[in-house]
Ligand code: T3D
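Residue numbers (the working numbering): 278 to 536.
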C-alpha cells in the first residue's frame with residue numbers, strides 16, 4: 278500500500294500490481310492503518326482510493342488464503358473479516374470527508390466492496406466489477422450486502438452475487454455503480470481534479486451530507502429530518518457558512534476552510 282499526499286488530498290494506492298492488488302495479510306493490516314490515519318487527519322479533506330497496474334483490487338489474496346485453509350490453524354481465517362475488512366470499510370464509509378474510488382481496473386470481491394464504500398466511483402473504460410464471492414463458495418463481505426443493493430437495487434444485487442461475472446464500466450454506469458466512466462489514460466487526472474476541488478470545499482458540510490445520507494438509509498423520515506436539523510445547526514454555525522453567504526452577497530468566490 279502506498280499513500281501519497283498532495284495538499285489536502287490523500288491518495289491511497291493498492292500497490293501489488295503483480296498480484297492484481299490482491300489483499301494479503303500485510304496489505305490488509307497496512308490498509309487499515311492508512312485508512313484510519315487519513316480519516317483522523319484534519320489536514321486531509323478528500324481521499325482517493327486507487328490501484329497500480331491492470332487491477333483496482335481483486336479482494337482476498339487466494340494464493341495466501343489456500344495456505345491458511347490447509348495450514349495448521351484454518352480457524353484463523355475467520356478472523357480477517359472482523360479484524361481487517363470490517364474496520365477498514367467502516368473507516369472508509371464513515372470518515373468525515375469525501376472519498377473517491379478511482380477504479381483503474383477490475384475490482385473483485387472485497388476490492389469491489391471497497392469501491393462501493395466510496396461516495397464517487399470514477400471508473401476507467403477498461404475496468405469492471407466482479408462480485409466473485411460465490412465462485413469460491415463464500416458469502417459476501419466488506420459491506421457489499423449493504424452497499425450493492427443501495428446502488429443497483431436488490432434484484433440486480435442478487436443477480437451479481439449469484440452469477441459472478443465481470444460487468445463492464447458501461448454496465449456499471451448504466452446500473453448506477455459508476456459515477457462516471459473515464460478514458461483509461463485520463464483517470465488519474467480526472468480523479469486529481471475532482472479530489473482537489475472537493476478538498477477545497479466546505480468539508481464540514483460535505484461530511485455532514487455524507488453522514489446524513491448514510492443515516493437516512495437506515496432510518497425513517499422523522500428521524501432523518503431530525504438528523505438533518507442537527508447537521509444544519511452544526512454547519513449553520515460554521516465559519517465556512519458565514520463567510521460563504523458573505524461571499525455570495527458580495528459576488529465574490531467563496532473560500533472554504535473546511536470548518
Ligand atoms: O476468510 C475470509 O473471510 C476471506 C475473505 C474474502 C474476501 C474476498 O475478497 S473473497 C473474493 C476473493 N477474490 C476473488 O475470488 C477474485 C478471483 N479472481 C477472479 O475472479 C479473476 O481473476 C478476476 C475477475 C478478478 C480477473 O480475471 P482475469 O481473467 O482478468 O484475470 P485471471 O487470469 O483470472 O487472473 C490473473 C492472475 O491473477 C492469475 O494468476 P496467474 O495464473 O497469472 O498466476 C490469478 O490466479 C491471479 N488472481 C486473480 N485474483 C486473485 C489472484 N490471485 C490471488 N488472489 C486473487 N483474489
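Built from N, CA and C at the ideal position, the CB exists for glycine as well.
Item, Value
"Residues in its own chain within less than 7 Å of residue 447 by CB, not counting five upstream and five downstream?", "458"
"Between which two residues does the beta strand (DSSP E) containing residue 279 stretch?", "279-283"
"Run the proximity test for residue 413: is its beta-carbon closer than 7 Å to any non-hydrogen atom belonging to the ligand T3D?", "yes"
"Using beta-carbon positions only, say whether residue 407 and residue 385 come within less than 8 Å of one another.", "yes"
"Can you look up residue 454 in the DSSP assignment and give me helix, strand or coil?", "coil"
"For residue 405, does the three-state DSSP call read helix, strand or coil?", "strand"
"Can we count residue 330 as close to the ligand T3D, meaning its CB is less than 7 Å from some heavy atom?", "no"
"Considering only residues of the same chain and omitting the five flanking positions on each side of residue 484, which have a CB-CB separation below 7 Å?", "373, 374"
"Could you give the DSSP three-state label for residue 337: helix, strand or coil?", "strand"
"Give the DSSP-derived three-state secondary structure of residue 481 in the structure shown.", "helix"
"Quick one: is residue 282 buried, meaning 16 or more other Cβ sit within 10 Å of its Cβ, or exposed?", "exposed"
"Just to confirm my understanding: we take residue 531, look at its own chain, exclude 5 residues before and 5 after, and list those with CB closer than 6 Å. What are they?", "521, 524"
"For residue 533, does the three-state DSSP call read helix, strand or coil?", "coil"
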